[in-house]
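Have a look at the structure below before the remarks.
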Amino acid sequence: MGELTINDVKIEHLGHASFRITHKDYSFYIDPYIKPDDGRKAELILTTHEHFDHCAEENIRDLLENGTVIAPEGCAKMLDGLDVKTVEAGDEFDIDKIAIKVVPAYNINKFREPGKPFHPKGLGVGYLITVNKLTIYHPGDTDFIPEMKNLGKVDVALLPIGGFYTMDYKEAAMATNAIKPKIVVPMHYDSNGKIKADPNEFRKLVDKSIRVEII
């Protein structure tokens with residue numbers, strides 16, 4: 015879809031919740047349900063949970079080259095034969111020149127049926143990823159949860175705004191204002207009728223001190 019570059023780090027929004035992050039000659043993917051046209055391979059892929067539009071097994075196998083997948087347990091079980099590091103909220107580690115902190119992601123008011131959220135606590139995760147001193151937050155599929163108020167420094171937040179399965183644009187704006195990133199990129203709003211949203215309506219509700227990038 016689009017891209018922006020901050021602190022020599024290029025962030026490409028490929029669509030849905032899929033991103034490619036590049037610093038110099040090193041790239042990695044997050045939730046590559048949508049692949050880039052160039053099909054460039056990477057040594058690192060992060061996935062947030064097991065659902066097909068995030069843990070896209072075929073794309074992960076195609077894009078990974080001599081590298082590692084970071085994934086919560088449900089997705090990790092789908093990737094037999096690959097080098098997979100299984101993670102859960104609370105984990106922190108470095109890989110290559112990237113620092114990764116795994117954080118919670120879950121629904122509090124989005125249910126497939128009464129009492130059964132689409133994303134229960136423990137199913138998926140979010141990531142705080144620091145590359146070249148730039149901290150990027152990808153929360154996966156989540157609502158505006160209390161843990162977002164204690165993330166610490168976030169330079170760029172990539173937040174779902176589509177509703178139904180995740181925060182809607184109003185909830186995402188409240189989350190943005192609580193997280194206080196320098197830049198926020200709306201995502202997960204353009205894939206089907208259930209999760210369509212207008213990012214410009216989201217922009218109107220975000221504090222003016224925070225830069226909104228629609229890419």
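Each residue of the sequence shown is one higher than the last, beginning at 15 in our numbering. Cβ coordinates follow ideal geometry from the N, Cα and C atoms, glycine included. All of these numbers come straight from a predicted model, not from anything done at the bench.
For G136, the closest C-alpha among the options K184, T156, R217, E17 is that of T156. The DSSP-derived three-state label of R75 is helix. With respect to the 9 Å criterion, I20 and V170 are classified as neighbours on the basis of their beta carbons. In the three-state reduction of the DSSP assignment, Y183 falls in the helix class.
Its Cα nearest to that of M15, the residue D51 stands out among I44, D51, T36. Annotation for A119: the continuous beta strand (DSSP E) segment containing it runs 112-119. The shortest CA-to-CA distance from I143 to any of E17, S41, L28, G29 is the one to S41. Cβ-Cβ separation between Y141 and I114: approximately 6 Å, consistent with a contact (criterion under 8 Å).
Taking C-beta atoms under 8 Å as the contact rule, V101 and V83 fail to qualify, at a distance of about 10 Å. In this structure, G154 and G138 form a Cβ contact; the two beta carbons are roughly 5 Å apart against a cut-off of 8 Å. Check the Cα spacing between G29 and each of H37, Y43, V23, K38: the tightest is with Y43.
Between R54 and L18, the gap from beta carbon to beta carbon reaches 9 Å or more. By the beta-carbon neighbour count (other beta carbons within 10 angstroms, threshold 16), D110 is exposed.
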